[in-house]
Every structure is written in C-alpha cells, then in structure tokens.
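Listed in order, the protein sequences are those of chains A and B.
Residue numbers for the first sequence follow numbering that gives the first Met the number 0, so the first one is 0 and each next one is one higher.
Residue numbers for the second sequence follow numbering that gives the first Met the number 0, so the first one is 0 and each next one is one higher.
Think of the CB as a built atom: it goes at the ideal place given N, C-alpha and C, for glycine as much as any other residue.
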Amino acid sequence: MTLTITEPTPSWRSRLLASAGQLAPVLHSEWHKLRTTRSAWWTAGLAAFISVLLGILRCSSIASAAHPVTGVDYFGASLFGLSVAQFAIAAGGVLIITAEYSGGTMPPTLIATPQRVRLLIAKIGVLAAVAWAYGLLISALAVGIGLAILGPRAHAALFSALAVRRLLGASGLFVAMALIGFGCGTIVRRSAGGLIATAAVLMVPSLAVQVLTGAARQDVIRYLPLRAADALVQGSSSTGALSPLAALGALAAEIAVLLVAGAMVLSRRDA
Amino acid sequence: MIELVKLTKRYRSTVAVDAISAVVPAGSVTGLLGPNGAGKSTTLRMIVGLDRPSSGQALVDGRTHAERVTPLREVGAVLESGSANPGRRALDHLLWLAYSNRIPRSRAREVAELCGIGSVVRRRAGRLSLGMRQRLGLAAALLGDPPVLLLDEPSNGLDPEGISWLRGFIRELGAQGRTILISSHLIAEIAEIADHVLVIRRGALLADCPAGRLPLMAGLNPAIRVRSDQVGLLAGVLTAHGAVVEQGAEATILISGLDRSAVAAVASSAGAILTELTEVTPSLEQAYLALTAPALEDAGQLGQAAQKVSAP
C-alpha cells in the first residue's frame, strides 16, 4: 500500500498575500532607487518649470487682453503648460529604466531580485504612484498660480466638481506619460533609442492617420495617446474627443501593450 | 556548493561556454582561470541568472538563482566595477540593495566599514576611485552575509596596496568557511589563495583539481636540477639509468624519471662532483600556461579566433 501525500494547494488568497509580501521589499528598494536617480529629479524639475511658466504666460495674456475674452476656459488656461510638460514626464519615464542599463545597476538589481516580472511590477507601481502624486502637486500649483493671476472672475472655475475631476485627470496624464516612456525604455533599453521610440509612439500615429479621410480619421484620431491624454484634462468634451473615462480606457490599453512588450523583453533577454 | 551541470551558452555563431560540468566544493576558495574571452564572466553571470544558459544549469546549494527568495543572503557577486550608478551616493547604492532583500539599514554602513570605504559612503559613486568602487562592489556583495561569493576579476583596477588588501580580505572570508569562486586571467593572483582551480579555455573545461595538482594535470613533472662541472659525463650515465635528461642553463641539467637519492647515488658511483642538487616543482603559473597555451594543431582555429576578435 502506498501513501500519497499531496501538499495542500494554497488558496488564491494566501497566494496573493504571499506575493504581495514578496513585492513589498522590492517596492521599498525601487522607491529608494527612484528618489536617488538624478535624471528623475531633472525631468521632474523641468516638468514643474514648464507647467508653471507656460501657465503664467497664458493666464497673463488672458488677464491683460484689452477686450474681455468671452467663453474662456480659465481652468484650462492655468493647466496650459501640461501639454508641453508631458514630454518631460515621458522622458523621465524613459530615463528611469534606461539609466539602469547605462549606469550598470541592472545586473545587481536582477541578482537581488531575479523574479523579473515581479521587479517590473514594483518599478511600475513606484513610478505610477510618484507620477500621480507629483502630477497632482504640479497641477494644483499651476491652477493656484493661474487663478491668482486671473483674479475673481476665474474663481467659479475653481470651486466645482469639474475642477476636481480635471485635477485628477491632469495627474492621470502624468502617470500615462511616465508609463509610456517607461514602456518604451524597457523595450529599447538605451536612453537615446528610448527617447526616440517614445517620441515616435506619441507622434507618428497622428501623422499616420492622415492616410484616412473624413469621419474615419476623426474616429481613430481621438484614441491616439496624446489626444486621449488631452481628453483627461479637458473640461467639456470638445467636439470629437473621448469622454474622460473612455480616454482613460484607451490610454490604459495602449500602455498595457507597451508594458507587456517590455516585460517580454526583460524576461527573455540576457541582462 | 556550486554545481555546474553541462552548462552551455551559445550565441549565434560562437559557443561561449561549452557544456561545463564541475563542482565547487563548499567552503573552498576556487579559482576560475582562463585567458581573456575564455567564458569566465559568462559562467559567473549564468550562476546568478543574468544570462540564461542555452542548456544545462548552474546550481548553488541545489537551487537555481531564480528560485531564491532573498538571493543576497545566499549568493554575493562582484561582477563589474561599474555596477553602481555614478550619480548615486555609495550609501544609497548599498541601501536600495539592502531594502530589496529585507536587510536592515544598519548593515549597509557595516559592510562599508568592513570594506574600508566607511569614510566615503556619502560621495557619489562616480567620484570614487576605481579601487574604491571595487570595494563598494565587494561591500554590496557582502550585504546579505552570504555563504557563497562570486568574484569576477576583483583586482582589476586596484593598486598594489589594494591588491594585497584584497588578497588578505578574500583569505579571511575563505577562513570564515565561505565558498568563494574567483575568476582571473592571472594565476599569480589566485595561486596564493585558491585551494581548488577550474581552468577553462574557449568555453571548455581543461582542468578541475586541487590547486597543487595543476602541474600534474598539465603534464609537467617535477624535475631535479643538478649543477656540476661534469654534466656531459653525468648526462650519459643518468640516461643509461633510465632518466630523461635535458640541458639546463650554464653547467646544469634537468633530470626527470629518477628521484633525488637515485640521482645522487648515480652521480657518486660515476665519481662526478655535484655543486647543486635541487628538486624543481613546476609552478602553478607554468602549469596554467602549459594548459592554456594553444596547441599547434589549434593554430588554424586560433587564426579564426584572432579574426573574430579583430572584427568590430
């Protein structure tokens, strides 16, 4: 007679808890790494500078207009700088990962955490959380400065549910751009190449859709990363734009494609 | 214990590591010797999972690297001197590594002190000298106090003082019972500290033996050197007694096939006066060179290798 002992299969809950437990030290490590990476500080500083500066210029030009402009999106004017700052954030996302390859920290990272997908998840988690918080901070700052310049007439724009939604959208834009850059950097593994790839991902599709005509073009164009990211921040759905939720979904799908490709590169190639 | 089981790494056109099977005994200091490009680094990188073996596997204490939960507590590795981001402070480099394996913060300072860089940990890694960066790499490898250490050419870039410090340090780590695998293309660096050696050339294992037996593996026999005014006479008599005799420098001959007392007895009965009678053991260095020197029959392949190297 043989006695077969089967190990009890752990429940999905305990497995989930266990992998969350194993993720915690990697998150801690990646957080410390991120905040001691110089390119992260440069790009974050650059994004803040651009956001605030362009916001000030745009709001001042509205405030000093000879004839009062009607139908102005005061809130959007103060967030005007984000449309440029987003590229600095995307560059930051690229450099976070490519600096690991060029700086030589990839081998020790993988020796310390050989589970490459777990490592990538930790990196994504830390980057997304930091981009979210920083995006909220910078947008709030830009809005505060902008509305101070615009004066009382803009105050109505501030105290509304829409304002909250647009602030959240703005920080979502930071997360999206950081992750698009990060995905490209993970796939390409080199700084210059990663920056070019990111620029291509953001720019080339909107040129490529020019082959389409009329309604078909409009249908496709609103799903492209830059348009969808813009829809997150916009107040009223401008003609043809996606609703904020749909834009979030489109961005999430696009980012997922990049990150899955990045995960495949990271797990298959030699470090 | 480190086990290499038919470990193989193939790139498109070349075989970097060719079915190496070997065991690094627990608690030993083992030298991984071979000329540049022999496959030493690739072997070490496969042990810690940086490179994926094309076939075969590398196990440390019976497990592959990907199976470890807190790898830094099991295996420490110093693979490249530039492994710390130049813009990051040395202490931060040690800290992020420590955090990833739940190693307490205080340990970072501890290993820095241990490796003699306690006073410079607040500097950015890029502002450290090459020697200091090597020590930083060593400190990082020791964070988890691992029983197994892999060192890839650790004395590269060290000044003579640093090399002597490193040698003492490795000896000390070995005396603590750690298993240490240390690669080098210079035998002199290994000879004094290794008790076991693996010799590889072009990805193939040439020798796997205790360091002292390497000369034998290389086919170098101990010889006896005799100095005398009558070497001509001696050579004839010794050959008649079955010895193999070679002409040495000046008035010396090298004799193999007879032991020292036999040589002395033959010389005495021939009436030759010896002014020197010395047993000559081939050095590890000679043995290594004999093993790794390309044989004549390989000359064609060597030409190809040279072309490969010169190609961009």
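In the three-state reduction of the DSSP assignment, residue 58/A falls in the helix class, which pools H, G and I.
Three or more Cβ pairs closer than 8 Å define a contact, and the segment 61-79 of chain B meets that threshold against the segment 43-51 of chain B. Assignment of residue 144/B by DSSP, reduced to helix, strand and coil, places it in the coil class. Rounded to the nearest angstrom, the gap between the Cα atoms of residue 70/B and residue 111/B is 20 Å.
According to DSSP, residue pairing for residue 123/B in a beta bridge involves 88/B.
Within chain A, no C-beta atom comes less than 7 Å from the C-beta of residue 144/B; the nearest is roughly 14 Å away. For the segment 103-116 of chain A, the set of residues with a beta-carbon nearer than 9 Å to any beta-carbon of chain B comprises 103, 104, 105, 106, 107, 108, 109, 110, 111, 112, 113, 114, 115, in chain order.
DSSP places residue 120/A within a helical segment (H, G or I) once states are collapsed to three. At a cut-off of 8 Å, the C-beta of residue 65/B has a neighbouring C-beta in chain A.
Distance from the Cα of residue 73/A is smallest, within the candidate group 65/A, 84/A, 60/A, 83/A, for 60/A. At a beta-carbon threshold of 7 Å, the residues of chain B lying near residue 270/A are 49, ordered along the chain. If you check the CB distance, residue 100/B and residue 24/A come in under 8 Å. Along the length of the segment 174-244 of chain B, whole alpha helix (DSSP H) runs at least 4 residues long occupy 186-190, 213-216, 230-239, reported in chain order. For residue 27/A, at least one C-beta of chain B is nearer than 8 Å to its own C-beta.
Look at residue 24/A: its C-beta is under 8 Å from a C-beta on chain B. Within chain A, 37 have C-beta atoms less than 7 Å from the C-beta of residue 86/B, given in sequence order.
For residue 162/A, the secondary structure class from DSSP, reduced to helix, strand or coil, is helix. Taking 8 Å as the threshold, the shortest C-beta distance from residue 98/A to chain B falls below it.
Between residue 89/B and residue 83/B, the beta carbon gap of about 7 Å places them in contact (Cβ cut-off 8 Å). A Cβ-Cβ contact shorter than 8 Å links residue 40/B with residue 151/B.
Close to residue 139/B, with beta-carbon spacing below 7 Å, are these residues of chain A in chain order: 107. Residue 222/A counts as buried, since no fewer than 16 other beta carbons sit within 10 angstroms of its beta carbon. Under DSSP, residue 251/B shares a beta bridge with 226/B. Leaving aside the five residues that flank residue 230/B on each side, the residues in its chain whose CB is nearer than 6 Å to its CB run, in chain order, 250, 252. Annotation: residue 85/A has no Cβ neighbours in chain B at a cutoff of 8 Å; minimum Cβ distance is about 24 Å.
In this structure residue 93/A is in contact with residue 197/A, their Cβ atoms being roughly 5 Å apart against a cut-off of 8 Å. Rounded to the nearest angstrom, the gap between the Cα atoms of residue 69/A and residue 78/A is 18 Å. For residue 6/B, the closest Cβ of chain A is not nearer than 8 Å.
In the three-state reduction of the DSSP assignment, residue 110/A falls in the helix class, which pools H, G and I. Annotation: Cβ neighbours of residue 32/A in chain B (cutoff 7 Å, chain order): 95. For residue 142/A, same chain residues with a beta-carbon under 6 Å away, outside a window of 5 residues either side, are 77 in chain order. Bounds of any alpha helix (DSSP H) do not take in residue 221/A, whose DSSP letter is neither H nor E. Look at the segment 20-91 of chain B and you find these whole runs of beta strand (DSSP E), each 3 residues long or longer: 28-32, 54-59, 74-77.
Inclusion of residue 265/A and residue 115/A in the CB contact set at 8 Å is warranted, their separation being smaller than that value. Put simply, the CB of residue 21/A is near chain B, with a gap under 8 Å to one of its CB atoms. Rounded to the nearest whole angstrom, the CA to CA distance from residue 257/A to residue 263/A is 10 Å.
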